[in-house]
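K.L.:
The numbering used here puts the first residue of the sequence shown at 173, with every later residue one more than the last. Every residue gets a Cβ at the ideal spot worked out from N, C-alpha and C, and that includes glycine. The structure that follows is given in the form of structure tokens.
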Amino acid sequence: MKTEDDGSFKRAPSSYRNVVEKGGKHEPEADRYHLYVSYACPWATRTLIVRKLKGLENIISVSVVSPRMGERGWPFASADPYPDADEDPFNQSSHVRDLYLKVEPNYGGRFTVPVLWDKKLHTIVNNESSEIIRMFNTAFNHLLPEEKVKVDLYPSELRAEIDAVNEWIYPNINNGVYRSGFATTQDAYSKAVHEVFEALDRVEEILNGKEYLVGDRLTEADVRLWVTLIRFDPVYVGHFKCNLRTIRDGYPLTHKYTQKLYWNNDAFKSSTNFDHIKTHYYWSHPMINPTRVVPAGPVPNILPL
């Protein structure tokens, strides 16, 4: 975690930015790529959701790490046999950091998930979720049935609008909750938390009379926003002090939108593990929660439709 002199949180950029594409170093092939993720991490969950929406389960394999991120970072089940965590079947790594150090022994960046791994070249392709989901959206279409090819989360006619929405949702909501939670001064926290709720107010206005953020269809803008919304009441309200309002009691349209995607679309529900989510945040940030006690509520984690 990095904070500036003024106490504000700054997220470091991702390190690996290569692309799966025809004619490139990383050709789109079945069973060539492996995705390392955490159920707890919203960025990683983006990739799980899009993988399911596009029907890539039999084309790109997955390993899930333990939610208890300690001094050595994200552990695999071999180092921390937590329920629903996996071992690393290809590299036998004990921690995600081992993947990075295998590729680059002198690597000095952050050991983050998601990691898209090339099993053929034994290297990391990309660790930036926003780029991975766009690869998943189109790069493997030649291997998919027609109904999955038609699933397009970044259609050309909506790209400008999707980009415009992402441009303020990312800093003010997706990363805004972290800016609030990791702030180390009152001023930095106050600025961040109010920006979070101003942006949520804006989402509520957009969803008035609409099912989705952009156009009348599911797009990557919805995937990117939703991963923060589903964590908001169980984690961000308490742990990150984003407590001006809850989603379920303060934003009726946004709440219904979150519920519908969870209950009506298995790509969203099956990618969500509330135990991993809550355990990770409350256990892995001792600078915020030194007792590592995980709170019981809210009950339920998400309300039924």
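Compute the beta-carbon to beta-carbon distance between V399 and R269, rounded to the nearest angstrom, for a pair I have assumed lies under 8 Å.
P.N.:
No, V399 and R269 are not in contact; Cβ-Cβ is about 23 Å, not under 8 Å.
K.L.:
Report the CB separation of D290 from H198 in whole angstroms; it is logged as a contact under 8 Å.
P.N.:
Correct: roughly 6 Å between the Cβ atoms.
K.L.:
Is there contact here, the segment 272 to 280 with the segment 207 to 227, by at least three beta-carbon pairs under 8 Å?
P.N.:
no
K.L.:
Are Y453 and V407 closer than 9 Å when you measure CB to CB?
P.N.:
Yes. Within cutoff.
K.L.:
Under 6 Å Cβ to Cβ from P239, same chain only, skipping five residues before and after it: list those, please.
P.N.:
A212, H448, T451, H452
K.L.:
May I ask which residues mark the beginning and end of the beta strand (DSSP E) holding H294?
P.N.:
Careful: H294 lies outside any beta strand (DSSP E) and carries neither H nor E.
K.L.:
Classify D438 as buried or exposed, calling it buried when 16 or more other Cβ atoms lie within 10 Å of its own Cβ.
P.N.:
That one is exposed.
K.L.:
Taking one C-beta from the segment 257 to 275 and one from the segment 346 to 365 each time, how about it: are there three or more such pairs within less than 8 Å?
P.N.:
no
K.L.:
Between which residues of its own chain and F308 is the CB-CB distance below 8 Å, once the five residues before and five after are set aside?
P.N.:
T219, V222, R223, K226, L228, I232
K.L.:
Report the rounded CA-to-CA distance for V287 versus I304, giving the unit in angstroms.
P.N.:
Roughly 9 Å between the two C-alpha positions.
K.L.:
Is it true that the segment 293 to 302 meets the segment 188 to 206, where meeting means three or more beta-carbon pairs spaced less than 8 Å apart?
P.N.:
yes
K.L.:
If you follow the alpha helix (DSSP H) that L397 is part of, which residue opens it and which one closes it?
P.N.:
Bounds of the alpha helix (DSSP H) holding L397 are 392 to 403.
K.L.:
So is G353 buried or exposed if we call it buried at 16+ other beta carbons inside 10 Å?
P.N.:
buried
K.L.:
Note down, in chain order, each residue of its chain lying with its Cβ closer than 7 Å to the Cβ of K320, except the 5 sequence neighbours on either side.
P.N.:
K226, G227
K.L.:
What residues are listed by DSSP as bridge partners for N298?
P.N.:
BP columns for N298 point to R189, L288.
K.L.:
Using CA atoms only, rank isn't needed, just tell me which of N344, A336, D405 is closest to G387.
P.N.:
A336
K.L.:
Go ahead and label M241 buried or exposed: buried means 16 or more other beta carbons lie within 10 angstroms of its beta carbon, across all protein chains shown.
P.N.:
With at least 16 other beta carbons inside 10 angstroms of its own, M241 counts as buried.
K.L.:
Taking the Cβ atom as the reference point for each residue, do I402 and F369 lie within a distance shorter than 9 Å?
P.N.:
no
K.L.:
Look at A364 and R351 and say whether their C-beta atoms are less than 9 Å apart.
P.N.:
yes
K.L.:
Alpha carbon to alpha carbon, how far is R374 from P467? Give it in angstroms, no decimals.
P.N.:
Taken atom to atom, the span from the alpha-carbon of P467 to that of R374 is near 30 Å.
K.L.:
In angstroms, rounded to a whole number, what distance separates the CA positions of E392 and D252?
P.N.:
33 Å
K.L.:
Can you tell me which of the three DSSP states L372 falls into?
P.N.:
helix
K.L.:
Residue range of the beta strand (DSSP E) that Y208 falls in?
P.N.:
205 to 209
K.L.:
Just mark R396 as buried or exposed, buried being the case when its beta carbon has 16 or more other beta carbons within 10 Å.
P.N.:
buried
K.L.:
If we ignore side chains and look at the alpha-carbon of each, how far apart do S235 and F283 end up?
P.N.:
16 Å
K.L.:
Assuming the contact rule is C-beta atoms closer than 8 Å, N263 and L271 should be a hit. Round their C-beta distance to whole Å, please.
P.N.:
6 Å
K.L.:
Taking Cβ positions, are V192 and W246 nearer each other than 9 Å?
P.N.:
no
K.L.:
At what residue ranges does the segment 394 to 471 contain a whole run of the alpha helix (DSSP H), taking only runs of 4 or more?
P.N.:
419 to 422, 424 to 436, 438 to 441, 446 to 456
K.L.:
Applying the criterion that 16 or more other CB atoms from any shown protein chain within 10 Å of the CB defines a buried residue, is V237 buried or exposed?
P.N.:
buried
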